[in-house]
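Residue numbers (the working numbering): 27 to 181.
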(Lines of atoms letter the chains of each structure in order from A and count residues from 1; the text may use other names and numbers.)
(Lines give C-alpha, C1' and ligand atoms only; values in the text may rest on other atoms or scores of the structure.)
Protein backbone atom coordinates (compact mmCIF):
# COMPACT_ATOMS: atom_id res chain seq x y z
CA UNK A 1 0.00 0.00 0.00
CA UNK A 2 2.70 2.50 0.97
CA UNK A 3 4.61 1.90 -2.26
CA UNK A 4 1.44 2.78 -4.23
CA UNK A 5 1.16 6.10 -2.36
CA UNK A 6 4.73 6.90 -3.43
CA UNK A 7 3.41 7.17 -7.01
CA UNK A 8 1.56 10.35 -6.08
CA UNK A 9 4.74 12.29 -5.24
CA UNK A 10 6.03 12.58 -8.81
CA UNK A 11 2.53 13.26 -10.13
CA UNK A 12 2.06 16.09 -7.62
CA UNK A 13 5.53 17.45 -8.40
CA UNK A 14 4.79 17.51 -12.14
CA UNK A 15 1.47 19.26 -11.54
CA UNK A 16 2.96 21.91 -9.23
CA UNK A 17 5.85 22.49 -11.63
CA UNK A 18 3.40 22.79 -14.51
CA UNK A 19 1.28 25.40 -12.71
CA UNK A 20 4.37 27.37 -11.61
CA UNK A 21 5.85 27.28 -15.13
CA UNK A 22 2.62 28.45 -16.73
CA UNK A 23 2.14 31.21 -14.12
CA UNK A 24 5.65 32.51 -14.86
CA UNK A 25 5.24 32.25 -18.63
CA UNK A 26 1.83 33.97 -18.65
CA UNK A 27 2.64 36.64 -16.06
CA UNK A 28 3.30 39.24 -18.78
CA UNK A 29 -0.23 38.63 -20.08
CA UNK A 30 -1.74 39.07 -16.60
CA UNK A 31 -3.08 35.52 -16.58
CA UNK A 32 -2.68 34.29 -13.02
CA UNK A 33 -1.78 30.90 -11.65
CA UNK A 34 -4.33 28.32 -12.72
CA UNK A 35 -6.40 30.80 -14.74
CA UNK A 36 -5.07 29.43 -18.02
CA UNK A 37 -6.97 26.21 -17.24
CA UNK A 38 -10.23 28.18 -17.38
CA UNK A 39 -9.26 29.56 -20.77
CA UNK A 40 -8.27 26.11 -22.03
CA UNK A 41 -11.64 24.73 -21.03
CA UNK A 42 -13.47 27.63 -22.67
CA UNK A 43 -11.61 26.94 -25.92
CA UNK A 44 -13.44 23.61 -25.97
CA UNK A 45 -16.76 24.77 -24.54
CA UNK A 46 -17.26 28.51 -24.86
CA UNK A 47 -20.42 29.71 -23.13
CA UNK A 48 -20.48 27.06 -20.42
CA UNK A 49 -22.20 27.98 -17.17
CA UNK A 50 -19.92 29.24 -14.43
CA UNK A 51 -21.09 26.43 -12.14
CA UNK A 52 -20.38 23.70 -14.70
CA UNK A 53 -16.99 25.23 -15.39
CA UNK A 54 -16.10 25.04 -11.69
CA UNK A 55 -17.24 21.40 -11.52
CA UNK A 56 -15.37 20.45 -14.68
CA UNK A 57 -12.14 21.97 -13.33
CA UNK A 58 -12.78 20.50 -9.87
CA UNK A 59 -12.50 23.85 -8.09
CA UNK A 60 -14.80 25.53 -5.59
CA UNK A 61 -17.37 28.07 -6.73
CA UNK A 62 -15.47 30.82 -4.93
CA UNK A 63 -12.18 29.86 -6.65
CA UNK A 64 -13.98 29.81 -9.98
CA UNK A 65 -15.59 33.19 -9.32
CA UNK A 66 -12.25 34.80 -8.42
CA UNK A 67 -10.52 33.36 -11.49
CA UNK A 68 -13.32 34.41 -13.83
CA UNK A 69 -13.45 37.90 -12.31
CA UNK A 70 -9.70 38.29 -12.85
CA UNK A 71 -9.94 37.07 -16.43
CA UNK A 72 -12.91 39.38 -16.97
CA UNK A 73 -10.98 42.35 -15.54
CA UNK A 74 -8.12 41.64 -17.98
CA UNK A 75 -10.57 41.42 -20.89
CA UNK A 76 -10.18 37.69 -21.64
CA UNK A 77 -13.75 36.64 -20.82
CA UNK A 78 -17.16 38.10 -20.16
CA UNK A 79 -20.11 36.75 -18.24
CA UNK A 80 -23.72 36.86 -19.32
CA UNK A 81 -26.87 35.83 -17.47
CA UNK A 82 -28.23 32.48 -18.61
CA UNK A 83 -31.51 33.11 -20.45
CA UNK A 84 -32.96 29.87 -19.08
CA UNK A 85 -31.79 30.36 -15.50
CA UNK A 86 -31.46 33.99 -14.44
CA UNK A 87 -29.53 32.96 -11.31
CA UNK A 88 -26.73 31.51 -13.43
CA UNK A 89 -24.02 33.06 -15.58
CA UNK A 90 -22.46 31.74 -18.74
CA UNK A 91 -18.81 32.49 -19.45
CA UNK A 92 -17.65 33.48 -22.93
CA UNK A 93 -14.26 34.23 -24.44
CA UNK A 94 -13.59 37.70 -25.80
CA UNK A 95 -11.51 38.19 -28.94
CA UNK A 96 -8.56 38.90 -26.65
CA UNK A 97 -9.22 35.62 -24.84
CA UNK A 98 -9.46 33.72 -28.11
CA UNK A 99 -6.19 35.31 -29.17
CA UNK A 100 -4.43 33.81 -26.14
CA UNK A 101 -5.09 30.27 -27.35
CA UNK A 102 -1.98 29.97 -29.50
CA UNK A 103 0.20 31.56 -26.82
CA UNK A 104 -1.05 29.19 -24.11
CA UNK A 105 -0.71 26.14 -26.36
CA UNK A 106 2.85 27.17 -27.28
CA UNK A 107 3.78 27.48 -23.58
CA UNK A 108 2.13 24.13 -22.77
CA UNK A 109 3.94 22.45 -25.64
CA UNK A 110 7.24 23.85 -24.40
CA UNK A 111 6.58 22.48 -20.91
CA UNK A 112 5.61 19.03 -22.21
CA UNK A 113 8.61 18.93 -24.54
CA UNK A 114 10.90 19.64 -21.59
CA UNK A 115 9.11 17.11 -19.39
CA UNK A 116 9.31 14.33 -21.97
CA UNK A 117 12.65 15.22 -23.58
CA UNK A 118 14.35 12.01 -22.41
CA UNK A 119 11.44 9.72 -23.34
CA UNK A 120 11.40 7.54 -26.41
CA UNK A 121 8.34 7.68 -28.67
CA UNK A 122 7.22 4.34 -27.25
CA UNK A 123 7.64 5.55 -23.65
CA UNK A 124 5.54 8.66 -24.43
CA UNK A 125 2.77 6.49 -25.84
CA UNK A 126 2.85 4.14 -22.84
CA UNK A 127 2.85 7.03 -20.37
CA UNK A 128 -0.13 8.63 -22.13
CA UNK A 129 -2.05 5.34 -22.10
CA UNK A 130 -1.34 4.68 -18.42
CA UNK A 131 -2.14 8.21 -17.25
CA UNK A 132 -5.30 8.28 -19.33
CA UNK A 133 -6.37 4.92 -17.91
CA UNK A 134 -5.78 6.14 -14.34
CA UNK A 135 -7.49 9.51 -14.86
CA UNK A 136 -10.70 7.92 -16.12
CA UNK A 137 -11.29 6.59 -12.60
CA UNK A 138 -11.42 10.16 -11.28
CA UNK A 139 -14.42 11.34 -13.26
CA UNK A 140 -17.51 12.06 -11.21
CA UNK A 141 -20.30 9.44 -11.22
CA UNK A 142 -22.56 9.89 -14.20
CA UNK A 143 -19.94 11.80 -16.17
CA UNK A 144 -18.58 9.93 -19.13
CA UNK A 145 -15.02 10.75 -20.13
CA UNK A 146 -14.73 11.86 -23.73
CA UNK A 147 -14.10 8.84 -25.90
CA UNK A 148 -13.46 10.77 -29.09
CA UNK A 149 -10.13 12.24 -28.00
CA UNK A 150 -7.41 10.57 -30.03
CA UNK A 151 -4.02 9.92 -28.48
CA UNK A 152 -1.58 12.78 -29.09
CA UNK A 153 0.90 12.64 -31.93
CA UNK A 154 4.24 12.19 -30.17
CA UNK A 155 6.26 11.94 -33.34
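Note that the Cβ used here is the ideal one computed from N, Cα and C, for glycine as well.
Under the three-state DSSP convention, the category residue 31 falls into: helix
Report yes if the CB atom of residue 75 is closer than 7 Å to the CB atom of residue 114, and no otherwise. yes
In the DSSP assignment, find the beta strand (DSSP E) that holds residue 69 and state where it starts and stops. Unbroken run through residue 69 is the alpha helix (DSSP H), 61-70; no beta strand (DSSP E).
Boundaries (first-last residue) of the beta strand (DSSP E) holding residue 103: 103-107
Assuming residue 90 contacts residue 80 under a Cβ cut-off of 8 Å, what Cβ separation, rounded to an integer in Å, is found between them? About 4 Å separates the beta carbons of residue 90 and residue 80, which is inside the 8 Å limit, making them a contact pair.
Of all the beta strand (DSSP E) runs that stay within the bounds of the stretch 90-140, which reach a length of 3 or more residues? 103-107, 115-119
Does the stretch 46-62 touch the stretch 124-131, meaning 3 or more C-beta pairs lie closer than 8 Å? yes
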